[in-house]
Amino acid sequence: MTRWLGVALLPRADHLRAAVRLQKDVGGDVALEPPLHSDGNLPHVTVFQGPFTDSLVAAEALERIGTSAADAGLCGEVALCSAGVVYQPTGWLFLALERPPLLQDLQKAALATLAPHLDRAAFDGTKDLARFTDDERASYKKYGYRYTGDAYAPHMTLGRAPEDVALDLVRTASQRVVLPKEWVFDRLSVYVMGQHGAHAETLFERPLVAR
Numbered sequence: 001m002t003r004w005l006g007v008a009l010l011p012r013a014d015h016l017r018a019a020v021r022l023q024k025d026v027g028g029d030v031a032l033e034p035p036l037h038s039d040g041n042l043p044h045v046t047v048f049q050g051p052f053t054d055s056l057v058a059a060e061a062l063e064r065i066g067t068s069a070a071d072a073g074l075c076g077e078v079a080l081c082s083a084g085v086v087y088q089p090t091g092w093l094f095l096a097l098e099r100p101p102l103l104q105d106l107q108k109a110a111l112a113t114l115a116p117h118l119d120r121a122a123f124d125g126t127k128d129l130a131r132f133t134d135d136e137r138a139s140y141k142k143y144g145y146r147y148t149g150d151a152y153a154p155h156m157t158l159g160r161a162p163e164d165v166a167l168d169l170v171r172t173a174s175q176r177v178v179l180p181k182e183w184v185f186d187r188l189s190v191y192v193m194g195q196h197g198a199h200a201e202t203l204f205e206r207p208l209v210a211r
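The opening residue of the sequence shown carries number 1 in our numbering; numbering runs sequentially from there.
Encoded structure:
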């Protein structure tokens with residue numbers, strides 16, 4: 001049976017609440033979808049997500065990924081600088097974050113652990129890739145996920161709106177909202193993917209253990 005799962009970095013509790021508020025502030029009178037919530041659809045930075053076979057033991061995979069990340073220096077807390085609210089076709093608003101080498105190493109560790117268990121037969125071969133970059137197309141064809149390798153773009157998804165509305169919200173965001181300069185993350189999770197890849201249900205969490 002195919003399971004649609006993801007691995008993510010989760011914000012520290014105070015920053016998680018701030019991200020939930022930020023979605024509402026950026027949207028203003030527009031209800032961005034899907035709505036973020038501290039008890040449900042969690043704000044997060046996806047490391048990788050996709051369809052997996054039953055051969056994946058999620059708890060063991062998360063432990064291996066976390067151990068590899070700690071060995072590379074990702075432990076305790078990680079602070080990521082914000083690069084602002086950006087538009088992503090079609091209709092998405094992202095809070096873009098920096099991509100330090102530690103995050104690239106984290107994704108490499110995740111791919112090394114998870115890729116052998118991907119259910120490649122479940123990849124959507126009919127997906128329209130016309131508005132993907134070359135790197136994104138290559139990533140999608142290899143892993144069934146748009147953002148890996150050179151295409152990896154760390155972000156927290158703020159939600160989706162009709163395209164013209166989304167473009168206007170992004171254009172005016174800096175005038176309407178004061179963005180925190182950095183966001184702090186302290187946990188890794190394995191989650192069940194919800195609507196549009198949302199962090200719908202947490203299966204397992206692992207703190208970024210300080211060494």
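Positions of the beta carbon are idealized from the N, C-alpha and C atoms, including for glycine.
In this text, all values refer to a predicted model and were calculated from it rather than measured experimentally.
- Beta-bridge partners of Met1 (DSSP): none assigned.
- As summarised for the region 85-161, the continuous alpha helix (DSSP H) elements at least 4 residues long and confined to that stretch are 101-114, 134-143, given in chain order.
- Just so you know, the alpha carbons of Arg17 and Ala121 end up roughly 37 Å apart.
- Around Pro34, the same chain offers Asn41, Gln195, Ala198 as residues with beta carbons nearer than 6 Å, after the five sequence neighbours per side are excluded.
- Under the three-state reduction of DSSP output, Glu182 falls in the strand class.
- Residue state for Ser38 is assigned as coil, using DSSP reduced to three classes.
- The region 64-78 makes no contact with the region 120-134: fewer than 3 CB pairs, one atom from each, lie closer than 8 Å.
- In the DSSP assignment, Val45 is bridged to Leu9, Met156.
- Going by beta carbons, Leu80 and Val86 fall outside the 9 Å limit.
- Residue burial is scored here from C-beta neighbours: Pro43 has at least 16 other C-beta atoms within 10 angstroms and is therefore classed as buried.
- Under the DSSP assignment, Ala200 falls outside any alpha helix (DSSP H), being part of the beta strand (DSSP E) whose first and last residues are 199-207.
- The beta carbons of Leu9 and Val57 sit no closer together than 9 Å.
- The alpha-carbon of Leu158 is positioned some 12 Å away from that of Gly28.
- In this structure, Ala19 is the residue among Ala19, Leu111, Leu5 with its C-alpha nearest to the C-alpha of Phe185.
- Under DSSP, no beta-bridge partner is assigned to Ala18.
- For Leu114, the closest of Arg160, Pro89, Lys142 by C-alpha to C-alpha distance is Lys142.
- Secondary structure of Ala70 (DSSP, three-state): helix.
- For Glu163, the enclosing alpha helix (DSSP H) stretches over residues 163-176.
- Between the alpha carbons of Thr90 and Leu111 lies a gap of roughly 26 Å.
- Between the alpha carbons of Leu188 and His37 lies a distance of about 18 Å.
- A direct Cα-to-Cα measurement between Gly149 and Leu179 gives close to 27 Å.
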